[in-house]
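In the numbering used here, the protein residues as written are 4 to 639. Where a beta carbon is used, it is the ideal one built from N, C-alpha and C, also for glycine. See structure below.
If you want it as structure tokens, here you go:
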């Protein structure tokens, strides 16, 4: 029997163990574990420490990058050129290995848990297992507390397992008790992806069975704690992934996915969760300084959608936001400062939405602007769009008559923003000259060569693509003493995701009526026409997948979606190899000419191996001699 008594990399990161004296210490490194679980308050504190590994999302990835959105065909990160040593620049240039991968090794402790995933999630799993193993020792006199805490620990363990298989794309060893230093590690086996998902679902069901775990957090003192609604979201999310082509191992799990997703939506709605469907704060979202429509008129649907992402969820029994299931404790980011329009602070733009993402937004009549079956005639470089001739889209007037979510999500050539602008306009900015430094409405001109907000291949303050992110930016955020920071933390789970999960699973399970009902509920919320009945399964699949791109633009879902929709033998060349921009020329008469162009250079993170992250090489090297199995993902 092979037993391990050494301080190895495997024990440290995979199971978060070390020498026996360390194993018996509490979170502060001093208190003995027996003391922890002999005390009510310290037991509660230990459970609280189990929450410490949840990724913050948003722009918390080092260095203030909106990852993983900028690692997909959704967007380009300006730091890829300005700071090429940061994760996006390394990833775009293909500088990735199993021992040093930019997604995993991207800034140490300054990445808001958006990195070092292998180590962090196994640490979280172990802590939850320790809690569940020892909680009965604790003198918890209130049975409601004990029931709720146990439910939370099961749910947290499910969450960390879910994050592991989302990123690494493979099944994981399943253990419900913490490993010990003398455990026979040669017996450790990886479960299949589906088996790991089944374990996640069983953990969620244990949490749901507690009568004392609430469905909603109603007080700020309990913010960021998990709820039954989180369990339902996690079940829906993970069974969808298990049924998807990359992970299903040739098995058909769609009927199961349909049943689980349908029940999750029903349970969430029964508990008062509903889509955010009206403007709750008219100032400034429906005032004349919001500038959602191209002509400056009020767009209630765009205002509502933008307002939702720019305000924190309320902790109340009757909140105005009944859609958000879970938001992280990610910092309330200075969105205009690090992820908006760089000229506002003369610092950096951050996320530049791609032309590919812009192309996904339909015209207001509900027609895609491209032929979704083959959106580009040149399927890799995307410079020759294959237009849908039935659409209202105008190639040389591209931003009129678009889905309201387009105006809520992006700044584009000719749009306006009202805030503090820290510069006098020059004659090189004819749309705005001779305006002075101060609070004012500025035309966001993105034509090639415009000195402040124009297209640039290298400037950190400008756009690479011809677009700026607006989705998470308060309409007037700036240094004018009114709204300096964004008001919302990242919304990691929301009802719209559960509904779209149902739409996809229902379609694949041949429940077309339910698929249409679900996707049309999402569209109706922003005034978009319903998808018609009578489409083929292939046609409806394209529309549902496109709807996910639109609804969840820049929220991080695309990274996982584009992967799970591929087969294990495929790669990401058609989506991720080339990212395009709208290169706009300003003509002498003040009109514009619109042409597509590559952003910069090809991305080298599109090959088959990039479907999954590599398991850290030191872990693979430890497990191979112990188990005889090569745990590494294909290509790494």
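Would you tell me roughly how many angstroms separate the C-alpha atoms of residue 213 and residue 275, rounded to the nearest one? 19 Å
Note the first and the last residue of the continuous alpha helix (DSSP H) segment covering residue 264. 257-273
Host beta strand (DSSP E) of residue 538 (start-end): Run containing residue 538: none; DSSP gives neither H nor E here.
For residue 287, the nearest candidate out of 271, 309, 206 and 625 (CA to CA): 309
Status (buried if at least 16 other CB within 10 Å, exposed otherwise) for residue 38: exposed
Within the stretch 372-432, note down every full alpha helix (DSSP H) run reaching 4 residues or more, in order along the chain. 407-412
Return no unless some Cβ of chain D is closer than 9 Å to the Cβ of residue 260. Chain labels in this structure do not include chain D; a single protein chain is all it has.
So within the stretch 293-323, which uninterrupted alpha helix (DSSP H) runs reach at least 4 residues, ignoring any that extend past its ends? 303-312
What runs of the alpha helix (DSSP H), each 4 residues or longer, lie entirely inside the stretch 123-199? 146-171
Could you check the C-alpha separation between residue 501 and residue 144 for me, to the nearest Å? 37 Å
contact_flag[the stretch 545-553, the stretch 355-374] where n(CB pairs < 8 Å) is 3 or more: yes
Pairwise C-alpha distance: residue 537 and residue 77: 30 Å
Three-state secondary structure (DSSP) of residue 446: strand
Report the rounded CA-to-CA distance for residue 632 versus residue 181, giving the unit in angstroms. 22 Å
For residue 592, which option in 527, 433 and 542 has the closest C-alpha, if you only look at C-alpha atoms? 433
Under the three-state reduction of DSSP, which class applies to residue 595: helix, strand or coil? strand
Mapping the DSSP letters down to three states, classify residue 27 as helix, strand or coil. With a pLDDT of 49 at residue 27, under the threshold of 50, the predicted position of this residue should be treated as unreliable, and no value is reported.
Sequence-distant residues of its chain with Cβ nearer than 8 Å to residue 306 (five each side left out): 282, 288, 289, 293, 295 and 411
As a quick exercise: from 229, 239, 259 and 630, pick the residue whose alpha carbon is nearest that of residue 332. 229
Go to residue 587, then tell me how far its beta strand (DSSP E) extends in each direction, as first and last residue. 583-589
According to DSSP, which residues form a beta bridge with residue 329? 496
Best match in 272, 73 and 92 for proximity to residue 60 [C-alpha to C-alpha]: 73
Apart from the five residues just before and just after residue 92, which ones in its own chain have a Cβ nearer than 6 Å to its Cβ? 83
Which two residues bound the contiguous alpha helix (DSSP H) that contains residue 518? 515-527
Since residue 441 sits in a beta bridge, which residues does DSSP pair it with? 424
If I measure Cβ to Cβ from residue 478 and keep anything under 6 Å in the same chain, skipping five residues before and after, which residues do I get? 287 and 293
State buried or exposed for residue 383, treating a residue as buried only when at least 16 other CB atoms are found within 10 Å of its CB. exposed
Counted within 10 angstroms of its Cβ, other Cβ atoms place residue 637 as buried (16 or more) or exposed: exposed
Between the Cα of residue 513 and the Cα atoms of 613, 525, 48 and 541, which residue gives the shortest distance? 541
When the Cα atoms are used, what is the spatial distance from residue 98 to residue 615? 15 Å
With distance defined between alpha-carbon atoms, name the residue in 367, 392 and 368 nearest to residue 375. 392
Measuring CA to CA, which of 209, 569, 416 and 233 is closest to residue 447? 416
Ignore the nearest five residues each way along the sequence and tell me which others in residue 197's own chain have a CB closer than 8 Å to its CB. 174, 245, 250, 251, 252, 254 and 256
CA-to-CA distance, residue 204 to residue 248, given in whole angstroms: 20 Å
Could you have a look at residue 355 and say whether DSSP puts it in helix, strand or coil? strand
Below 8 Å, how does it come out for the stretch 114-123 and the stretch 151-158: are there three or more Cβ pairs, yes or no? no
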